[in-house]
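Below: the structure, in structure tokens.
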């Protein structure tokens, strides 16, 4: 199976009947999609189920992808909508930016972890742990911006907000991430520089 | 300047979204101000960590599961192929006609001859909604013409819809 094709070429192949070519897209983006769903949903089991659902939806509506934006921007919009629907169905909080309960829950989670795990964590694991302690909105925008290779404009498009609003949301998310790191991984943060 | 403001400007600088002018100012501050320099290094370290953080991987069977599921499915035709643009334009035309009709009728009812600026607001205050005779509104020739256009438009759309349905039925 050829993997040197770009996304649009693969999509053309799939649409012209080569359904197996879709596996290239799945392999190419499964980690991105799974990371995004995991950051929003928190449970690995549910995140994997939702990530699968995302790829199935994307396949079903592939003919609607017009190529006006990047395939990933279109795909992550499906991720965003599917995760929100899942969280609504599960009656979980959709976590507004100033939702105190989420922070309380995250703080409670922290205390159990602090004791013996922190020292063993590498700096990168510390970042992942800290992102996991954020509310889904914050974790999502940080993941989209840093890991999903989306520009601020594309991130805003995925989230259905203005670029300036995305900029503010990203700033707040990074501030809260830094707070989480300073609170829970003080020693690692001191050794960062 | 508070810490939040410094951090916001520094993040813009790091992300490359600061303007050229702002960039020069920040570069000068970083060269001369110890507080800014320290904050900048803190944020840069966080930024580097975020850029280097790893993606999570799903289970080994993930791709296989997806391919198994999609083998049972068909790609839906693009929405633009089955949404009749004529209907969308028809609906748009209907509402625009509705708005224009109401505007023409409204302007037709206004008393333009009076030069007294307070007349309209005074008249509005005098209106007693319970005494309005609504039957009078439908005697106006503009309203009748407007209603006629809408009825014709509605019938055209209905005809269009039924013709399409009949064609689909014949194809099957």
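Chains as they are written, first to last, in our numbering: chain G, 1 to 193; chain Z, 1001 to 1172.
From the three backbone atoms N, C-alpha and C, an ideal C-beta is built for every residue, glycine too.
Since this is a predicted model, take the numbers as computed values, not measurements.
Query: Rounded separation between residue 50 of chain G and residue 43 of chain G - CA only; Result: 10 Å
Query: Beta-carbon proximity check, residue 134 of chain G vs residue 180 of chain G, cutoff 8 Å; Result: yes
Query: Contacting residues, own chain, Cβ-Cβ under 7 Å from residue 83 of chain G (five flanking each side not counted); Result: 37, 40, 41 and 50
Query: Residue 1073 of chain Z: contacting residues in chain A (beta-carbon distance under 8 Å); Result: Protein chains in the displayed structure are G and Z, and chain A is not among them.
Query: Among Z:1062, Z:1035 and Z:1046, the one whose alpha carbon lies nearest that of residue 175 of chain G; Result: Z:1046
Query: Residue 61 of chain G (DSSP reduced to helix, strand or coil); Result: coil
Query: C-beta neighbour in chain G for residue 1054 of chain Z, strict 8 Å; Result: yes
Query: DSSP state of residue 12 of chain G mapped onto helix, strand, coil; Result: helix
Query: Straight-line gap, residue 165 of chain G to residue 156 of chain G (C-alpha atoms, nearest Å); Result: 8 Å
Query: Residues near residue 13 of chain G by beta carbon distance below 6 Å, same chain, minus five either side; Result: 21
Query: Neighbourhood of residue 194 of chain G by C-beta distance below 7 Å, restricted to the same chain and skipping five residues each side; Result: Only positions 1 to 193 of chain G appear in the structure, and residue 194 of chain G is not among them; the question remains open.
Query: Cβ pair residue 63 of chain G, residue 5 of chain G closer than 8 Å; Result: no
Query: Contacting residues, own chain, Cβ-Cβ under 8 Å from residue 1076 of chain Z (five flanking each side not counted); Result: none
Query: Span of the alpha helix (DSSP H), counted from its first residue to its last, around residue 1084 of chain Z; Result: Looking at the DSSP string, residue 1084 of chain Z is not in any alpha helix (DSSP H), and its letter there is neither H nor E.
Query: Contact with chain Z by residue 105 of chain G, beta-carbon distance below 8 Å; Result: Here the model assigns residue 105 of chain G a pLDDT of 48, short of 50, so the residue's position is not dependable, and the following value carries that caveat. So no, residue 105 of chain G is outside the interface.
Query: Residue 31 of chain G at chain Z interface by Cβ criterion, 8 Å; Result: yes
Query: CB contact check: residue 1005 of chain Z to chain G, cutoff 8 Å; Result: no
Query: Inter-residue spacing [alpha-carbon to alpha-carbon] between residue 1166 of chain Z and residue 1160 of chain Z; Result: 10 Å
Query: Residue 52 of chain G, buried or exposed, once every other Cβ within 10 Å from all chains shown has been counted against 16; Result: buried
Query: The alpha helix (DSSP H) enclosing residue 172 of chain G, as first and last residue numbers; Result: 163-184
Query: C-beta atoms of residue 1062 of chain Z and residue 182 of chain G nearer than 8 Å; Result: no
Query: Boundaries (first-last residue) of the alpha helix (DSSP H) holding residue 137 of chain G; Result: 136-146
Query: Residue 1111 of chain Z classed as buried or exposed, judged by whether at least 16 other C-beta atoms fall within 10 angstroms; Result: exposed
Query: Exposure label - residue 167 of chain G; buried when at least 16 CB within 10 Å; Result: buried
Query: Below-8 Å beta-carbon distance, residue 1065 of chain Z vs any chain G residue; Result: yes
Query: Contact with chain G by residue 1034 of chain Z, beta-carbon distance below 8 Å; Result: no
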